[in-house]
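S.K.:
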Amino acid sequence: MSQKPESHDVNDEVALGDVDAERRALLVNATAAFGIAGAACVALPFVSSMNPSRSVKAMATIDVNLTEIPEGEAKTFLWQGKPVFVWHRNAAQIEEARKGDATATLDPAKDADRVQKAEWLVVMGVCTHLGCVPMRGGEFGGWRCPCHGSQFDDSGRVRQGPAGTNLEIPPYRFLDDNTIRVG
Ligand code: FES
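Plus 289 on top of the position in the sequence shown (first one is 1) and you've got the numbering used here.
#1: CB-CB under 8 angstroms to P451, same chain, minus the five flanking residues each way: which ones, in chain order?
#2: Over what stretch of residues does the beta strand (DSSP E) that includes R387 continue unbroken?
#3: Residue range of the beta strand (DSSP E) that F374 falls in?
#4: Should N354 be labelled buried (16 or more other beta-carbon atoms within 10 Å of its own) or exposed?
#5: Closest by CA to N455, which one among R446, G426 and F463?
#6: Please find out if some non-hydrogen atom of the ligand FES comes closer than 6 angstroms to the beta-carbon of L456.
#7: So A349 and G472 are supposed to be a Cβ contact under 8 angstroms. How far apart are they, rounded?
#8: Rounded to a whole number of angstroms, what is the C-alpha to C-alpha distance between P460 and R403?
#9: Helix or strand or just coil, what does DSSP make of L355?
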């Protein structure tokens, strides 16, 4: 018994071609959908890793207990990865800082405009030249930068370059007589 050969004409080719096209479209769509989902899976941990951790958020502000800083001394605190100098100035240091109002000419500023309370100077411990951390001392009563020799006075004003601007004052406020919040 002879088997009838399957019919195979030009129209069949076209029909088969359509099926392939549909399969291809399905595959493309599925791949695209997977790609987006895959990208989302990859992106989510990445985005979530960009959210600040609790410890980073905590460092957005720091509270400084001023009772730990004896009169006449300055202490360094870390705020957002940078040093902040808090100086408990005594009467003589305040007087020197006020005298500097007339002689600090590189970046003129009145001491009274740089403090909230005369006995507390709060400045960033970052040299305004290239970012080194200045050290207490120098010829003007405040700090001297070990990198290129800039000097800052009792008010954190620059008195000798190469730095051209005063030590910055970070945002801070008094929570009470013994505490400031930086940040
Ligand atoms: S970084 Fe301070 S003087 Fe250059």
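A virtual CB, placed ideally from N, CA and C, is assigned to each residue, including glycine.
M.R.: Quick look at the numbers:
#1: H418, H437, G438 and S439
#2: Segment A380 to T392 is the alpha helix (DSSP H) holding R387; no beta strand (DSSP E) there.
#3: K371 to H377
#4: exposed
#5: R446
#6: no
#7: 5 angstroms
#8: 11 angstroms
#9: helix
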